[in-house]
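For the sequence shown, my numbering gives the first residue as 3, with consecutive numbering after it.
In this text, a Cβ means the ideal position worked out from N, Cα and C, and glycines have one as well.
If you're wondering where the values come from, they're calculated on a predicted model, not measured in any experiment.
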Amino acid sequence: MQTRSQTKQTELQVDIDFDYASQCWNHNKIKLGPGSYKYVCGKPLKNGGFCKRRQCKDNEHCYIHYLDLSANI
């Protein structure tokens, strides 16, 4: 029986693009100051971009898109 130190360790290759990961993480946030962020609406716009307005309190969308969603109900 082999102990843990006697077993063959497989080495995993890690290839992480930290710049891309940071860009994705910041996609739905705006920077307020050093280390402070606020979530944004992020609803897709007609021009292909995303809404950068701040979210309403207790909602994931801004006041404009929150009203659009509640009008469709």
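Counting Cβ pairs closer than 8 Å, one from the segment 23-33 and one from the segment 41-48, do we hit at least three? yes
Can you give me the start and stop residues for the beta strand (DSSP E) that Ser7 sits inside? Against the sequence shown, residue 7 aligns to sequence position 5. Here Ser7 belongs to no beta strand (DSSP E), and DSSP marks it neither H nor E.
Which listed residue (Leu14, Ile18, Ile66 and Gln15) has its alpha carbon closest to that of Cys53: Here residue 53 is taken as the residue at index 51 of the sequence shown, counted from 1. Checked all of Leu14, Ile18, Ile66 and Gln15; the closest Cα to Cys53 is Ile66.
Where DSSP assigns a beta bridge to Val42, which residues make up the other side? Your numbering for residue 42 matches position 40 in the sequence shown. Answer is Arg56, bridged to Val42.
Based on Cα-Cα distance, which residue from Gly51, Gln57 and Ser24 lies nearest to Lys40? On the sequence shown, position 38 is the one that residue 40 refers to. With distances taken between Cα atoms, Lys40 lies closest to Gln57.
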